[in-house]
Structures are given as C-alpha cells and as structure tokens.
Amino acid sequence: MARRRLLTEEQWASFLAVPDDERAMVRHYTLGRDDLDIIALRRTPHTRLGCAVLLCYLHHPGRIPGPEERPPTALLEFVARQVAAEPDDFIAYSRRDQNRREQVAAIMARTGHRAFDRTLFRDLAAWLTSKAQIARDPIILATTLIDEFRRRRILIPSAAILELMLHQARGRAERILHRALVEGIDQRSTDALDRLLTPWADTETTMLAWLRRVPAGPTARNMLAVIERLTALKGLSIDRALRARVPEVAFERLAAEGLRMTPQHLQDLATSRRRAVLTATAIRLEMDLTDVTLSMFDKLIGSLARKAERRTAENTLRSVRDTQTQLRVLLTACKAVIGAREAGTDPFEAVDQGVGWFRFMKCDTDSEALAKPEAADPRTEMLGRYATVRAFAPTLLNRFTFLGSSSVTPLLRALDVIRVMHAAGRPTLPDKPPTGFIRRSWRPFVIKKEGIDRKAYEICALSELRDRLRAGDVWVEGSRQYRDFESCLMPRPTFDILREEGALPVAVPRNAEGHLAERGAELDRIAAEVAGLAGKGLLEDVDLSDGELRVTPIRDTTPPEAEELGRRAYDLMPRIKVTDLLLEVDGWTDFSGCFTHQRSGRPADDRAAALTAVLADGINLGLSRMSEACRGSSMRQLAWMHDWHVRDDTYMAALARIIDTHRALPLAAVWGDGRTSSSDGQFYRAGGRGEAIGDVNAHHGNEPGIAFYTHVSDQYGPYHTKVIAATASEAPHVIDGLLHHQSGLAIEEHYTDTGGASDHVFGLCALLGFRFAPRIRDLKDRRLYLLPGREAPAILQPLVGGTIDIDHLTANWAELLRLATSIHSGTTTASAMLRRLSAYPRQNGLALALRELGRIERTAFTLQWLRDPGLRRRANAGLNKGEARNALARAIFFNRLGEMRDRSFENQVFRASGLNLLVSAIILWNTRYLEAAFVELASQGHAVTPELMRHVAPLGWEHVGLTGDYVWGVDPLPESGLRPLRRMQSLLAA
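Sequential numbering of the sequence shown, starting at 16, is according to the working numbering.
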C-alpha cells in the first residue's frame, strides 16, 4: 500500500526553490570575501559566473542545481554584477558538464559541504525523531529538517528522500512515546485498560464511552455521577506521574485522540499505540473530571448563596408590609392608652376595645420575629438548604484530599472532622472542633450558647472551602484549575536567571525605586497641568468646580455626508450567499488550510466539508441540521471533520490569517493603524439543554446564559474571542486577548468599559507594556492616590483618596515581575491569576502590591483622561466599533433563536470561535468590496475622502444571504478577482 504523502510536490518544490525577489537575493546571494576568493581562481567570465551560481545554490536552498536546470534570470543578473560577468555567460558554462562536476567537488571541499549518504540519513532521521515527538505538523518538521541540513552544510537530497525521513522520524517518535507510557503500567492496569473498550453486559456501551459522557449541570446528583466516574478511573491504578515521561504536547495529543476516537476505532489500533492512547486518556479524564467536580461544587455553593440572597430579599419585602401592619396595630393601641389616661379610664380595657387583646398579643409575637437580625441574613436561608449540601458533601470530602498553606490549617482540620463524622455515622460534632476558620459574619450562626450548630458548621466550612479553592490557598493534587498558587508561576530559578540576564519580558525597570521615581515625577507633572487648566476653565468637557468631578460624555456624531456615502457604497455591494463569501475569502487567505488533522497535521482533503463544519458553528445551526441544509454533506462526514479538524488552535490560526489579510488592505488603514483595540462581552441566552450550565446575570434579566468576550482592533478586526460565565467579571479576561492572539497586530493601547476596569488590570497592563484606557462610568467615585511626601494641587484635593504603600510595593516588586513574566511566557494566564488574586478575603502580599501599582497607573490615567479629550474620543470610538461588531454577530448567530444550547464548554468555545471567524470573513469581504465601491463612486464624481470613509464601517450584512440551502458553488471569478458591483437603476427609468 502506497504511503500517504505528508507534503505535496508543490510544497517540497517551494522548500528547494531559488528565491527570485530582490530582498531575499540580497540576504542569501550577496557574495562574501571567502566566496570571492574562491571565484577569483576562475579566469573566464562564464566559469566565474558558474562558480558563483554554485556557491549561491549551496548557501540557499542548500543543494546543487541539476544539469538541465537554468537559474532564474533575476539571480543570474544579481550574481553577474558581482563577478564581472554577463547573465548570458551561464549558457556557455552549462554546456560543459565535466567542468561543472569538477567545480562542485572543489567548491564543496573549500566550503566544507558534504554529500548526503546513508549514514547521514540515519543520523538526521534520529535527530528529527526528538523533534517529531513535540511537533507533528509536516510543514514545521520539513522546515526544521532543511534548516538542520543547511546548518550542518549537508547537500539537501531529493523531495522523495526528505519525505521518507519525515515518515520515519514521525513513526519512530510515536513508537517511543507509546513505549514510554505503556512500560510504566503493570499487567493489572493493562488488563483494566483493555476492558475500557469492552461493552458492558446486555448493552453496547463501553466503560470508556461512559467515562467520556459527563453530566454538565451543577447539581448534587450530577456531582455524584462525576465522582462515580472518578472512582472508576482510580480503580485503573494508572499513576498520574506517567504524564511526565513524555513531552506535554505529545501527552495532550495522545489524550485528545483518545477523547475523539470511537471505541471501535481504538480497538483497530496496534496494541502498543492503543494502550498508550488509553493511558493518556485515562490520566487526562481523571484531571478533567477532578476539575469538573470542583467546578460543580463551586457553582453549587454559589447557587445556594444566590438563592438564599434572593429569598432573603423577597422576605425582606414581605416583612416591610408585615411591619407596616404591626405598626398600625401598635399605633391604634398607643392612641387607646393615651386616650384612656387622659379620660381616667382603664387602659387595658381601652386596648381591648381598640384593637382586641388577642390581636395586640399577636402583634408582640410577630414583631419579635421581625426584629431578629437573623431574619434579614441570607445565611439563615442557606441553613434551610442543608439537605442539598448533605447530599454531596460526604462523598466529596471522602473522594478528595484537600491540601493548603499554613493559613488554612484550621479549615483543613475542620473538613477532616466533618469527613470522619459522616464516615462514622455520628450525628454530632466532637466536643472541640476547629473554629479558627469561621469568619465573624458566620459566628452567630455557628457558635451558639448551647454549643456548635452542626448544620451551620458544615455549610460555613464548605463555603470557606469554595473561597479558598478560588484563591489558591487550598488545592487538590491532579487538578489543573485548582492547583496551588506557586505552581502556576514560572519556577523561581528560571525567573532568577532571566532577571540576571536582563531578559524579562516586562516594560518596567528591574528595581522598584527607579520606576517609582519616574512615575512620581510624571504624576506631579500631569497633576500640575490638569490643575492649571482646570483653574482657567480650559479642560474641555470637564468641570472640577465645587470639589466635584463632572465629565460630559462624548457624543459620537457621523456627518450626513458620510452616512450618504455609506448608503451609496453598500447599494453597490454584490448580493452574495454566505457560502460563496466564505469560498471567496478562503481563496484570498487559504484559512481553510489551518484546519489540520489532529494527528497527521495535514489540511482537510475536503475543503467544502471543513467550511461547512465552520459555518455550522458560526450561524449556530449545528451539524445535524447543517447536514440537512447542505447537499453533499452527511452528518457522519461533518461529525468526523469537526472531531478531527476543528479545534480551538485551528480556529485561532484561521482567524489570524483573515485578520492579517484584512490588516494589509489600504482601506483598513483609514480606520486605524492596528495599534489600538477594545474589548467587551456579549450575552447569549442559554436554551434547551444549555440552560443547565448557564448562569443568571441580573443585568441581563432572570434567564441563564453565557458571554462571548471579544477583542476588536481599531480596524474592526475581531482578533480574539473567548467564552466566559455570564456572572464573571470581565476585568480578568482583558489581558488574555492582548497576549494570546496569533495575528500580527501589535496592540499598544486598549479600551474597555467599566466592567473591564480594575486596579489589578491597570497594574498588570503597566508591567506588560500596554496602555490601558477604560471608559469608567463612575469615574468621580474613583479616588486618586499619591506617592508619600507629595501633595496634590488644591483644586484636585477633593479627588484624593490616600497614599501609595511604596514599602509594600518595593518589597514585592520581584514577585510582581515574576507574575508578569509567567503570564507573558504562557506559564499561566492573566485571567486565572487575577481571579485568584481577587479572591483573597484578606489579600496577600502579591495582590496588595499589584493593587498599589494599579492605583498609581489609574491615577495617571485619570489625570490624562481629564486633560486629553483626544484620549476620550479614541476610547469612545474604539468601544463603539466593538458594539457595532456585536450587532453583526447577533445577526449571524440567529439559528436556535440565538440561544446557546450546547452543554459542554468545548462546544461553546467552538460556537464562539466559529461566529467570530464568520464575522471576520464578512468584514474582510466587505472591506475589499467597499474599496471597489469607493473607487466607483469617486469616478462618478461623488465626494470620497478619507475623513468620510473613516465613518463607513465594514459591518453591513443585508447583502449577505445567511438562510436557505447551503451550496458550495464553483463559479469562477472575473480576472480582477472581484465580483462586479451592482448597478443601481432609477425607478423612473423606462
């Protein structure tokens, strides 16, 4: 059976081709002194030129030209000028093959190049094997191999031999990985792994399928079901330490294969590969299910707290009405007593006649209940939901071993007490259980005169466990999301080496003193300027009179001429089906080539199927309904394509291609230079099965949902998106998009609304070199902070809230640099670290230091915001672009009522990524055709200026057909590469 090619003949030819553009020729073919010394030994022009060409081929691409191969004319002209020859002299040289062979041998002896042979084949194939364990992409491996050929000065062989080397290296690398995993397990575990693929009695379900089918909703029942699966995985006796025996990338690849393959497909694999894949899958599943369980626990406790708060709020409203009733009774009784005293009659008889003695006594009882402080505390309601906690708490505490720092020792001891109590079936706590973890707000409920309240003690301990897991004070071995704080950061020895070598990827000095001196002087300067302008009333749209800050909001106005230009331009846009639009954009960018196979790294053979799977995500149709709406694509075909070619990393690579192509268009430069961006969240309701995992955010009503948090450049390109919980703060996710996109954008200034702003984000942006400029709604309530020993001008004094703790900031400066370096290098993410730092009830040293740094940066920003109306206009314009992009996204995501009905987080990520890719494709297509439309309108005499074009956004969709059958056409485009514009005819025309 013929071996499947890893690279096409055209791809190999591009690796071995001679560049013909001037810049590449200057880089590779400018002859050095050693080259000229070799060439000087040749007497005639044609031998000098021939020798020079041979040297050039040896330099790049690293081979000898064939006997019949004629170098590009541009190369001959470039080289001939350096050796006093004419390009046509090469014809005479090429006729004498004997002289050519002699020159090749002589030149190779002088330059140290070697011919390729069997020994070198084995040597280089072995060298490439270690690379192939990490990189599976054939393009990357081929580039790495050819670079090594050039580095070692070995003549590059034919494409067929290079292809064979890639095959051998990839195959050997896989076998080594399989052995490394399989040899670490005993026979008992091996047999258990094999049983994962055996259907259970009287069913077609295998244990592997059951393990992979994880309940999603955060309920006590689902949590117990997940823990049951974890117990089954533990029974396999697979040591998690086996993961360290292979590279992380290789482990994740094997695990991903096991999570995607059907049991039948796994059964067909070779024994060693099957067991290696199952081993990686089992370890990965145990880690994932651990995170799922703890995440369910987090959401369950949070849900109980929110329900208790809502119920308490409802009870408070009812108690207000009840209180009014009791007050009316008391008022009537008081009047009766006062009237009886004045009349000298019996007051008791007056009360009995006025309100009734029984009603009066009941008022006393009811008022006593209303006056209890516990009645208005949500914790009272939480205690009433103890049955829900009791359903999962014993199993949770028995399954997991919680570890933590010394500060949480009382909590860990309390959890052990609760676990032992449940295991022993005892109805009460021991005499002196640990109480050091109980916060002041919980003490009245837990510690009572008659002793410790068991229910309150358990719920208090579990609530505290949730908070400590979030902060990282408590962790669980085997979890990726809930691991200890220190392990999230770059190892300290590595950081120390980088710091000593001056290689830290941060935008601040290595010592705090220098940075504080610089920022202190800058704050003084800006404060003096703002105070001077404010005193003269020259701060545009800013009023500081009476000690209160008032900033007039920016009103974005589009000139009528620009609105008319936009209408005319969009009237000229061709009508197009979304399938044709994607094909056209793919022809410009080849973004479909980024959807490579999970295992082989090859692009999809069926381009239409790949685009159909992406379209199904983008318009929220789903694969099943898409297979019905798209002729020629079956459900099985689309499911296979989505399982093996559609991943988060392939979506990011495809998005980057579209964004970079758009960035290079002339019209994109009219909208911005690609150095500023904004980010904002967009809420999507959860529907159907997705309701179980959605969160309720009161800002968006009472329905559950999720949010897509998207970064948009000043050129309208949405270069990054991610799924976040509807109730999550947006601030921790701001920096993720700035760092972890694959496009060529170099963002310098970033805008958010109030939801994306926090002191921690200000501080981290300063460390990483981003200018953070949020549009803060309650800016007047955000106090300014000064460095010690400095005083604000009198007009700014009412805005000052305190001084910076520079001693604490200086003491923790190295840890701040380590945090920023860890985030920049990808050791951890900004969102994960900021969530943990903000979760500390008594913030730790690093959290406080980052807050102090953020206060300095926020103070500087606030003063610049007041002084510079241009900054306010840029931020407003940037955020408006993001909001306009959200309108386009909402129009595209129309199927299933625009609701998110996927239960798994992975599928939600695919929906968000597909939507963002489709939005980007429409923006790119619109931009290309708007350019053509503007040229046409200018030729007709209409005013088309950069100032007017700046207001015309590439976000229209009325001309794009999003509904109907989805057919992938093959209609050729005109030679210009663009469809003809529409011609608008007058309705009065005959």
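We treat Cβ as the ideally placed atom computed from N, Cα and C, and that holds for glycine.
Specify the secondary structure class of residue i as computed by DSSP and reduced to three states.
i	result
L56	coil
S1001	Residue confidence for S1001 is low, a pLDDT of 49 falling below 50, so the modelled location carries little weight; the figure read from the coordinates is stated next. Note: S1001 maps to coil in three-state DSSP.
H660	helix
L832	helix
W215	coil
L996	coil
R236	helix
F908	coil
A406	helix
F698	strand
V261	coil
T978	coil
D35	coil
G466	strand
D595	helix
S607	helix
T88	helix
S692	strand
Q757	coil
Given this structure, state the Cα-to-Cα distance separating residue i from residue j, to the nearest angstrom.
i	j	result
Q183	A741	49 Å
A927	R288	34 Å
A195	L315	40 Å
V685	T942	11 Å
H280	H974	44 Å
D688	L753	16 Å
L179	A150	17 Å
L519	K146	27 Å
H966	Y585	13 Å
P995	L596	14 Å
A1005	R998	Residue placement at A1005 is poorly supported in this model, since its pLDDT is 38, which falls under 50; the coordinates still yield a value, given next. A1005 and R998: Cα-Cα distance of roughly 16 Å.
A743	R889	27 Å
L504	H839	11 Å
T327	D392	7 Å
S252	S204	6 Å
What residue does the alpha helix (DSSP H) around residue i start on, and which one ends it?
i	result
P425	424–439
G860	860–882
V523	It is not in any alpha helix (DSSP H) - V523 carries neither H nor E in the DSSP assignment.
A649	Here the sequence assigns Ser to residue 649, which means Ala is not the residue at that position. S649 -> no alpha helix (DSSP H), and no H or E assigned at all.
T942	920–954
P393	393–398
G687	Here G687 belongs to no alpha helix (DSSP H), and DSSP marks it neither H nor E.
Suppose contacts are defined by Cβ-Cβ distances below 8 Å. Is residue i in contact with residue j by that definition?
i	j	result
L51	C71	no
R481	W490	no
F131	P102	no
F777	E763	no
V404	I453	no
G696	Y666	no
S773	A746	yes
P425	P459	no
V352	P362	yes
S919	A231	yes
Could you spell out the range, first to last residue, of the beta strand (DSSP E) harbouring residue i?
i	result
H748	Unbroken run through H748: none, as it is neither H nor E.
E764	764–766
W490	489–491
G419	417–419
Going by DSSP, name the residue or residues bridged to residue i.
i	result
K1059	The shown model of the chain, from 16 to 1005, leaves out residue 1059, and the question about it has no answer.
Y800	G817
M915	A701
R786	E764
T221	P214
R565	D558
R129	I169
P618	T611
Would a check of beta-carbon distances place residue i closer than 8 Å to chain C?
i	result
P442	Chain labels in this structure do not include chain C; a single protein chain is all it has.
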